[in-house]
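Q: For reference, the structure I am asking about is given below.
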Amino acid sequence: MSDESRSSSYVYSALGTRCIRLLNISNIDDRLVYNLSSADLNHPPRFFALSYTWDGQQRDQNLICNASTIKVTRNVSTILPYLFQHLGSINIWIDSVCINQDDESEKNIQVPMMHEIYTKTSKTIFWLGESDPNMEEAMKIIPTLTPLIAVSKNNQEALPDRSSAVWAGIHSLLSKSWFDRVWTFQEAVLPDDGEVMCGPNTIPLEGMIKLILALRNASLLDWVRGGSLNTPIGVQRLSYIETYKRWRGVGEHFSFGALVDMGSKWSCFDPRDKIYGILGLAEDPVRTEITADYRDKSPRDLSLEVAKHEIANEPMIAILHLSCNRPRAADLPSWCPNFTASPTSLLLIGLATDYHAGNRNMVIRKAISARTTPFRARVEGNILHIQGFTISQVDKVIPPGWIKFHHTEVDLAENSLRSMEWDNKCFQISQQVFKDDALREHARILIGNSLNSEKCTVDQQDSYQLMRRLMAVLSGKEPVEYLHEILTTEKWANLPDYMNNVASACSNRAFFTTLDGRIGLGPSNLESGDTVCIFCNTFSPFIIRPADSGHNKLIGEAYVHGLMYGEIFDEKDEKSMETILLT
């Protein structure tokens with residue numbers, strides 16, 4: 243009879259208030275031995291921490307610990323021998339082993355302590371999973387490859403050929419599920435020291451970050467796409483890790499709303515973990531007010547709690563914007579983001595970081611605080627009371643019709659034609675409103691009057707007309723021979739950035755006019771008769787729709803040409819502000 247079949251299930255004993263469990267890995271008679279013991283987090287022994295993913299696996303593997311059996315996932319049972327091979331006898335913290343997963347009350351206590359655990363660990367091991375020959379070669383070559391990439395703008399001959407298996411290996415590494423999990427972000431940014439482990443190979447986390455920065459600076463990120471149209475998820479995640487660590491190093495921090503928005507893009511098994519998995523990075527007052535509760539707090543309750551906290555404490559009411567780019571929950575107020583759902587579209591603030599429709603200027607936007615702003619929003623019950631200006635009602639609406647281009651020939655022709663037909667309808671409206679200035683203003687509207695995340699100050703008529711010619715060729719409306727002329731013109735250099743901005747601004751957005759003669763881009767479900775308004779301390783205008791008893795439903799954010807940079811404060815007296823009720 244095996245040891246596993248003879249042993250009884252491990253019984254977790256209660257932990258002290260400030261205690262955690264650590265798993266000791268040792269070797270006795272060429273056999274790995276595991277023991278769990280408690281440790282005081284105020285004065286812990288030297289220990290390591292593991293960052294890994296469950297990948298939806300069941301705890302169906304037996305781990306003999308303290309002569310009893312603990313059920314663990316296959317990932318955990320796989321990595322333990324690698325850990326001993328790399329580190330020798332150690333104490334290590336592993337969530338699925340060191341926290342009683344069947345005790346919700348213990349999880350409610352231990353999960354908030356993860357901030358300290360990953361801060362106090364001597365080193366964190368980031369386990370990506372098993373390797374293959376391409377990934378092994380990539381792990382070995384990255385330290386010497388990165389400096390070559392850094393100087394490759396002048397000499398790409400020193401790099402491995404683009405068809406080399408090294409690039410396929412890097413693509414596979416950056417596509418690992420570890421990079422797409424909520425919890426692993428805080429586990430990466432909190433420790434001072436960390437190593438990425440894939441199979442038996444390791445590399446410092448800093449080495450992976452330097453690789454991504456070098457690829458980006460050398461404009462070589464497309465080399466690691468591995469034949470895909472999309473950049474691997476690891477590129478974005480490592481960029482976020484670098485940014486967070488750099489900001490923290492100079493005393494800056496992300497607002498809790500920004501952290502939660504970031505976390506909502508990543509995966510987790512329990513939807514509440516999109517918030518709990520990022521909570522450890524929040525400021526101390528936030529972690530005191532918002533606590534993990536897996537037993538009694540529903541996803542709805544948690545989203546409302548976060549939204550109300552942000553409205554009460556953050557001067558710029560970004561929470562309203564975050565409610566506009568993810569699926570709505572029927573049991574939440576229209577102004578409250580469904581934080582447990584992933585975003586489905588780009589926010590307008592993603593087009594231009596300097597939008598300040600609800601502030602007179604950027605100086606005020608940057609200087610205000612929750613205590614100094616005279617325009618405080620408040621929540622009574624679940625109704626949001628917010629000050630702002632009513633602008634006008636929506637008149638004509640052209641439903642969304644801009645299609646992002648794909649690389650297959652059939653899609654490219656069809657999408658070019660459909661996008662061009664949609665733009666024809668929109669341009670006719672611009673001609674009615676702007677007359678002789680229609681071309682100039684329409685070219686700006688399609689990009690949200692922004693380029694490279696800033697307010698556009700250069701005429702974009704040439705880029706717009708060149709885009710129209712390109713779509714005409716791609717759709718078959720003009721001879722393909724014109725393509726060479728388009729690609730060789732000096733104006734071509736500006737076209738990719740322009741078209742990327744058009745795609746970001748127009749995809750899944752309606753084109754509309756208002757009764758007072760304004761033009762804009764609005765949410766896909768926009769209707770004639772909806773109201774355009776600007777709330778104080780927000781980045782862009784919004785669309786609302788009347789509900790019952792003088793209340794309104796928030797429909798979505800909007801780009802309104804000529805109202806994105808505080809112009810409303812010159813057009814209207816602040817005395818004309820009103821309190822708008824959102825339900």
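According to this note's numbering, the stretch in the sequence shown is residues 243 to 825, in order. Each residue gets a CB set at the ideal place from its N, CA and C atoms; glycine is no exception.
1) Buried or exposed for GLU683, going by 16 or more other Cβ atoms inside 10 Å?
2) Please return the same chain residues whose Cβ sits closer than 6 Å to the Cβ of SER331, not counting the five positions on each side in sequence.
3) Specify the secondary structure class of HIS803 as computed by DSSP and reduced to three states.
4) Run the proximity test for LEU564: is its beta-carbon closer than 8 Å to any non-hydrogen atom belonging to the ligand NAP?
5) With DSSP as the reference, please indicate the residues paired to TYR276 in a beta bridge.
6) Could you pull out every residue in the same chain whose Cβ sits closer than 6 Å to the Cβ of GLY643, ignoring the five residues on either side in sequence?
7) Do ALA599 and GLY764 count as a contact pair if the criterion is CB distance below 9 Å?
8) Is it buried or exposed, LEU824, if we count other Cβ atoms within 10 angstroms and call 16 or more buried?
9) Taking the alpha-carbon positions, what's the TRP420 to PHE617 distance?
10) If contact is defined by three or more beta carbon pairs under 8 Å, each pair taking one atom from either stretch, is the stretch 531-548 in contact with the stretch 458-474?
11) Compare the C-alpha of CYS510 against each of ASN767, THR386, ALA752, THR295 and name the closest.
12) For ASP704, which option in LEU274, GLY804, HIS563, ALA685 has the closest C-alpha, if you only look at C-alpha atoms?
13) How is MET381 classed by DSSP in three states: helix, strand or coil?
14) Flag this pair as yes or no: are the beta carbons of ILE671 and ILE628 separated by less than 9 Å?
15) I'd like to check one pair, ASP739 with ASN694: are the Cβ atoms closer than 9 Å?
16) Please report the distance separating the alpha-carbon of SER770 from that of ASP637.
17) What beta strand (DSSP E) runs, 3 residues minimum, are completely inside the stretch 570-644?
18) Apply the 10 Å Cβ neighbour rule to GLU813 and answer buried if 16 or more other Cβ atoms are within range, or exposed otherwise.
19) Would you decide whether ARG829 is buried or exposed? Buried here means 16 or more other CB atoms lie within 10 Å of its CB.
20) For LYS817, report the span of its beta strand (DSSP E) as first-last.
21) Please state if the CB of ALA291 and the CB of THR388 are separated by a distance shorter than 9 Å.
22) Select from ARG537, SER497, ASN601 the residue whose C-alpha is nearest the C-alpha of ILE561.
23) Reducing DSSP to helix, strand and coil, say where LYS365 ends up.
24) Hey, how far is the Cα of GLU372 from the Cα of THR780?
25) Could you tell me which residues DSSP pairs with MET439 in its beta bridges?
26) For TYR252, which residues from the same chain have a beta carbon less than 7 Å from its beta carbon, with the 5 sequence-adjacent residues on both sides left out?
27) TRP734 and LEU716: beta carbons closer than 9 Å?
28) Specify, as a first and last residue, the run of the beta strand (DSSP E) that THR755 falls within.
29) Assuming PRO788 and ALA800 form a contact by the criterion Cβ under 8 Å, report the distance between their Cβ atoms to the nearest whole angstrom.
A: A quick look at the data gives this:
1) Reading the sequence shown from its first residue, position 441 is the one you call residue 683. With 16 or more other Cβ atoms within 10 Å, it is buried.
2) Counting from 1 along the sequence shown, the entry for residue 331 is found at position 89. Cβ neighbours of SER331 beyond the five flanking positions: SER268.
3) Along the sequence shown, read from residue 1 onward, the residue named residue 803 stands at position 561. Here HIS803 sits in coil by DSSP.
4) In the structure shown, the ligand NAP is absent, as is every other ligand, since no ligand is present at all.
5) Here the question's residue 276 lines up with position 34 in the sequence shown. ILE267, CYS307, per the DSSP bridge assignment.
6) By one-based count along the sequence shown, residue 643 stands at place 401. TRP664, listed in sequence order.
7) Locating residue 764 in the sequence shown gives position 522, where the first residue counts as 1. Locating residue 599 in the sequence shown gives position 357, where the first residue counts as 1. No. Outside cutoff.
8) Taking the first residue of the sequence shown as 1, we reach residue 824 at position 582. With 16 or more other Cβ atoms within 10 Å, it is buried.
9) Sequence index remark: in the sequence shown, residue 420 carries index 178 (1-based). Sequence index remark: in the sequence shown, residue 617 carries index 375 (1-based). Each residue's Cα considered, the two are about 42 Å apart.
10) At 8 Å Cβ cutoff, the stretches do not touch.
11) Here the question's residue 510 lines up with position 268 in the sequence shown. Considering only alpha carbons, the answer is THR295.
12) By one-based count along the sequence shown, residue 704 stands at place 462. Taking each of LEU274, GLY804, HIS563, ALA685 in turn and checking the Cα distance to ASP704, the smallest one comes out for ALA685.
13) As a first step, residue 381 must be located in the sequence shown, where it is residue number 139. Judged by DSSP in its simplified three-state form, MET381 adopts helix.
14) Along the sequence shown, read from residue 1 onward, the residue named residue 671 stands at position 429. Along the sequence shown, read from residue 1 onward, the residue named residue 628 stands at position 386. ILE671 places its beta carbon 9 Å or farther from that of ILE628.
15) What you label residue 694 is simply residue 452 of the sequence shown in a count that begins at 1. What you label residue 739 is simply residue 497 of the sequence shown in a count that begins at 1. The answer is yes: Cβ separation under 9 Å.
16) Residue numbering aside, residue 770 sits at position 528 when the sequence shown is read from its first letter. Residue numbering aside, residue 637 sits at position 395 when the sequence shown is read from its first letter. Straight-line measurement puts the Cα of ASP637 at about 5 Å from the Cα of SER770.
17) The qualifying runs are 620-622, 625-640.
18) The residue you call residue 813 lines up with position 571 of the sequence shown. With fewer than 16 other Cβ atoms from the protein chains shown falling within 10 Å of its own Cβ, GLU813 counts as exposed.
19) Outside the modelled stretch of the chain, which goes from 243 to 825, sits residue 829, for which no answer is possible.
20) For the purposes of this step, residue 817 is identified with residue 575 of the sequence shown, where counting begins at 1. Taken as a continuous stretch (DSSP letters only), LYS817 belongs to no beta strand (DSSP E), as it is neither H nor E.
21) Position 146 of the sequence shown, counted from the first residue, corresponds to residue 388. Position 49 of the sequence shown, counted from the first residue, corresponds to residue 291. THR388 is not a Cβ neighbour of ALA291, given a cutoff of 9 Å.
22) Here residue 561 corresponds to residue number 319 of the sequence shown, with the count starting at 1. Minimum Cα distance to ILE561 is reached at SER497.
23) Numbered from its first residue, the sequence shown carries residue 365 at position 123. Here DSSP, grouped into helix, strand and coil, assigns LYS365 to strand.
24) On the sequence shown, position 130 is the one that residue 372 refers to. On the sequence shown, position 538 is the one that residue 780 refers to. Their Cα atoms are separated by approximately 46 Å.
25) Residue 439 sits at position 197 when you count from the first residue of the sequence shown. Beta-bridge pairing links MET439 to TRP369, THR444.
26) What you label residue 252 is simply residue 10 of the sequence shown in a count that begins at 1. Counting only Cβ-Cβ distances below 7 Å, and skipping sequence neighbours, we find CYS307, ASN308, SER310, THR311, ILE312.
27) In the sequence shown, residue 734 corresponds to position 492, counting from 1. In the sequence shown, residue 716 corresponds to position 474, counting from 1. Against a cut-off of 9 Å, the Cβ pair of LEU716 and TRP734 comes out as no contact.
28) Taking the sequence shown and counting its residues from 1, one reaches residue 755 at position 513. According to the DSSP assignment, THR755 belongs to the beta strand (DSSP E) that extends over 752-756.
29) Here residue 788 is taken as the residue at index 546 of the sequence shown, counted from 1. Here residue 800 is taken as the residue at index 558 of the sequence shown, counted from 1. Contact between PRO788 and ALA800 does not hold, since the beta-carbon distance rounds to 17 Å and is not under 8 Å.
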